[in-house]
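One structure is given here, and the rest of the page talks about it.
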Amino acid sequence: MSFPLLTATAALPAVGAIATAAVPAARRTAAKWLALLFSLATLVLAIVVLVRFDPGGDRYQLTESHAWIADFGVRYELGVDGIAVALIALTALLIPFIVLAGWHDADPVETGSRRWRPTQGFFALILAVEAMVILSFEATDVFLFYIFFEAMLIPMYFLIGGFGDRAHEHGEKVAATQRSYAAVKFLLYNLAGGLVMLAAVIGLYVVAGNFSLTEIAEARANGSLEMATGTERWLFLGFFFAFAVKAPLWPLHTWLPNAMQESTAPVAVLITAVVDKVGTFAMLRFCLQLFPEASKWATPVVLVLAVVSIIYGALLAVGQRDIKRLIAYASISHFGFIVMGIFAMTSQGQSGATLYMVNHGISTAVLMLIAGFLISRRGSRLIADYGGVQKVAPVLAGTFLIGGLATLSLPGLAPFVSEFLVLVGTFTRYPVIGIIATFGIVLAALYVLVLYQRTMTGPVKPEVAAMPDLRVREIAVVAPLVVLLVFLGVYPKPVTDVVNPAVKQTMSDVQKKDPQPEVEAAK
Numbered sequence: 268m269s270f271p272l273l274t275a276t277a278a279l280p281a282v283g284a285i286a287t288a289a290v291p292a293a294r295r296t297a298a299k300w301l302a303l304l305f306s307l308a309t310l311v312l313a314i315v316v317l318v319r320f321d322p323g324g325d326r327y328q329l330t331e332s333h334a335w336i337a338d339f340g341v342r343y344e345l346g347v348d349g350i351a352v353a354l355i356a357l358t359a360l361l362i363p364f365i366v367l368a369g370w371h372d373a374d375p376v377e378t379g380s381r382r383w384r385p386t387q388g389f390f391a392l393i394l395a396v397e398a399m400v401i402l403s404f405e406a407t408d409v410f411l412f413y414i415f416f417e418a419m420l421i422p423m424y425f426l427i428g429g430f431g432d433r434a435h436e437h438g439e440k441v442a443a444t445q446r447s448y449a450a451v452k453f454l455l456y457n458l459a460g461g462l463v464m465l466a467a468v469i470g471l472y473v474v475a476g477n478f479s480l481t482e483i484a485e486a487r488a489n490g491s492l493e494m495a496t497g498t499e500r501w502l503f504l505g506f507f508f509a510f511a512v513k514a515p516l517w518p519l520h521t522w523l524p525n526a527m528q529e530s531t532a533p534v535a536v537l538i539t540a541v542v543d544k545v546g547t548f549a550m551l552r553f554c555l556q557l558f559p560e561a562s563k564w565a566t567p568v569v570l571v572l573a574v575v576s577i578i579y580g581a582l583l584a585v586g587q588r589d590i591k592r593l594i595a596y597a598s599i600s601h602f603g604f605i606v607m608g609i610f611a612m613t614s615q616g617q618s619g620a621t622l623y624m625v626n627h628g629i630s631t632a633v634l635m636l637i638a639g640f641l642i643s644r645r646g647s648r649l650i651a652d653y654g655g656v657q658k659v660a661p662v663l664a665g666t667f668l669i670g671g672l673a674t675l676s677l678p679g680l681a682p683f684v685s686e687f688l689v690l691v692g693t694f695t696r697y698p699v700i701g702i703i704a705t706f707g708i709v710l711a712a713l714y715v716l717v718l719y720q721r722t723m724t725g726p727v728k729p730e731v732a733a734m735p736d737l738r739v740r741e742i743a744v745v746a747p748l749v750v751l752l753v754f755l756g757v758y759p760k761p762v763t764d765v766v767n768p769a770v771k772q773t774m775s776d777v778q779k780k781d782p783q784p785e786v787e788a789a790k
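Residues 268 to 790 in my numbering are what the sequence shown lists, from first letter to last.
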């Protein structure tokens, strides 16, 4: 029996979460180091998964299958394709930086009477989320996926509501109320999506007789399992609704700005760069593979929702006063690009969408973590409270600029390649949608450059005059991510080589071919 590598990759952070939570309360520093070591060990296993994965091999590799709830056809089935491998690597890469960035976010605080924050719990919850996200990417049993898709909401709820941002202009009492509101809103939205999906999961079992993604997809492909048109469409809508909430896609997005605003910067990165990717990943893995005809039927409406997300998110980002809310609305716009690329039903669009998931995770991590370092120094999230930071903290300002330029998809930085592929892939099949979506790029330049101008340039405000530059730990957090932004912007081939075979198989699932160019290229 071969070593269960996929199980180990997900189990290691779960064990780390338990071990970190068990550290005595007086040894907070030990808990931090333990969480960091487990996150680094998980990264090593994710690299092993990446190395052992053969892009030219079977669709699902490193598979594991064991009986679980046999009476209901539920199995513990794991397997990864190129898209899952890329996102597992992204998740495992970001968690150590999230742990390092949040090193002091759960330290004891003074608020009138002494109040202690459970430091061990903060880092244990982060590792628990990592374990559940990785298992979601690995699961090829629909019911197993559903369990972890929903279970990750619990640690996220406590991270948002129990470890929120301390920078609040109205004091701790109001801040606690708003954190609770954001956490409950996050939970209710995602639980609603999960309950709708549960009904669809049960419906899929009634139709197919099991929960195995590979078996159902194979039966659909060879014609041994046929779904009535209406049944397939209802099941698709049940799955898609849950994934659109998680993504988040307009108009199901409103939980995200509140959650990111009230979270610490590392937790905000965990939400938008890691957890939300499960939604867009699941659209590719489950919606298109299980319900190909319904996916094609829904494509026009989904593309309209995606382009509304792009423009709406960008427009609201332009008008934000709060740094974190601006980044949250920018992410809504970017998720619109990802969904648009998925449902453009072209290989360029889907390759770009998958690459966008990876690149958006890195670029958002850079921008949000630097914003968190900035906010922790000044004690305010309001853009108007800053000015002239680049004169007193040039390294902080420089890395903030790089993160912002990546967010607006500047050529030479990683998101440009993915956004270009999404737009090209969309334009070849839906030119009007592609043209409208292009305005999102213009708006991105506006909100990013205005943010940088108002916070980093101009006269030095007295409140920031003594602001320290990035410390060694903070540089260690952002420097590797900046290097990755540049490397993948110049040479994205390592990622595209892994994901492209999986994209071709997804295109085959929905029986779509790329549009032929109207003019043949000269030979």
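We put the beta carbon where it would ideally sit given N, CA and C, even for glycine.
Per DSSP, cross-strand counterpart(s) of residue i
| i | result |
| --- | --- |
| residue 839 | Given a span of 268 to 790 for the chain in the structure shown, any question on residue 839 remains unanswerable. |
| residue 649 | 589 |
| residue 431 | 530 |
| residue 540 | For residue 540, which the question treats as bridged, DSSP gives no partner whatsoever. |
| residue 736 | For residue 736, which the question treats as bridged, DSSP gives no partner whatsoever. |
| residue 328 | 347 |
| residue 479 | 408 |
Endpoints, the alpha helix (DSSP H) within which residue i is located
| i | result |
| --- | --- |
| residue 758 | That residue, residue 758, is in no alpha helix (DSSP H); it is neither H nor E in DSSP. |
| residue 527 | 522-529 |
| residue 666 | 661-674 |
| residue 299 | 295-319 |
| residue 370 | That residue, residue 370, is in no alpha helix (DSSP H); it is neither H nor E in DSSP. |
| residue 415 | 409-418 |
| residue 682 | 681-694 |
| residue 280 | 272-288 |
| residue 701 | 698-723 |
| residue 399 | 386-405 |
| residue 498 | 496-513 |
Residues of its chain near residue i, where Cβ-Cβ distance is below 8 angstroms and the 5 sequence neighbours each way are ignored
| i | result |
| --- | --- |
| residue 649 | 436, 588, 589 and 590 |
| residue 329 | 272, 273, 316, 319, 320, 345, 346 and 347 |
| residue 479 | 340, 342, 344, 407, 408 and 409 |
| residue 476 | 340 |
| residue 470 | 498, 501, 502 and 505 |
| residue 370 | 299 and 740 |
| residue 396 | 419, 422, 423, 426, 537, 541 and 542 |
6 angstroms Cβ shell around residue i - same chain, five flanking residues per side excluded
| i | result |
| --- | --- |
| residue 592 | 524 and 528 |
| residue 679 | 756 |
| residue 635 | 532, 535, 536 and 594 |
| residue 387 | 287, 288, 290 and 298 |
Neighbourhood of residue i by C-beta distance below 7 angstroms, restricted to the same chain and skipping five residues each side
| i | result |
| --- | --- |
| residue 564 | 500 |
| residue 390 | 287, 298, 299, 302 and 366 |
| residue 279 | 305, 308, 309 and 312 |
| residue 379 | Note on residue 379: pLDDT 44, under 50, position unreliable in the model; the coordinate value appears next. For residue 379, where only same-chain residues beyond five positions count, there are no Cβ hits under 7 angstroms. |
| residue 799 | Look at the range of the chain in this structure, 268 to 790, and you will see that residue 799 is not part of it. |
| residue 352 | 316, 317, 320 and 765 |
| residue 851 | Beyond the ends of the chain as shown, which are 268 and 790, falls residue 851; an answer cannot be given. |
| residue 741 | 640 |
| residue 713 | 585 |
| residue 730 | 645 and 652 |
Cβ-heavy atom distance, residue i to the ligand SAH, below 7 angstroms
| i | result |
| --- | --- |
| residue 490 | Among the components modelled here there is no ligand, and therefore nothing to report on the ligand SAH. |
Minimum C-alpha distance to residue i - residue among the options
| i | options | result |
| --- | --- | --- |
| residue 598 | 543, 571, 636 and 549 | 543 |
| residue 277 | 766, 295, 725 and 356 | 356 |
| residue 584 | 568, 601, 571 and 572 | 601 |
| residue 756 | 706, 715, 672 and 701 | 672 |
| residue 535 | 488, 619 and 596 | 596 |
| residue 324 | 780, 772, 778 and 466 | 772 |
| residue 411 | 333, 678, 637 and 460 | 333 |
| residue 750 | 395, 681 and 557 | 681 |
| residue 555 | 322, 275, 291 and 775 | 775 |
| residue 726 | 657, 715, 295 and 423 | 657 |
| residue 722 | 655, 575, 674 and 484 | 655 |
| residue 737 | 662, 746 and 707 | 662 |
| residue 385 | 513, 567, 428 and 653 | 428 |
| residue 493 | 509, 677, 511 and 474 | 474 |
| residue 625 | 358, 282, 747 and 487 | 358 |
| residue 522 | 331, 456 and 674 | 456 |
| residue 350 | 553, 780, 715 and 701 | 553 |
Point to revise | Given 8 angstroms, three or more beta-carbon pairs between the region 333-351 and the region 281-291 | key: no
Practice item. Pair every Cβ in the region 635-644 with every Cβ in the region 663-670, then say whether three or more of these pairs are closer than 8 angstroms. Key: yes
Practice item. Inspect the CB distances between the region 292-304 and the region 364-373 and report whether three or more fall short of 8 angstroms. Key: yes
Point to revise | Touching by the beta-carbon criterion (3+ pairs, under 8 angstroms), the region 601-612 and the region 691-705 | key: yes
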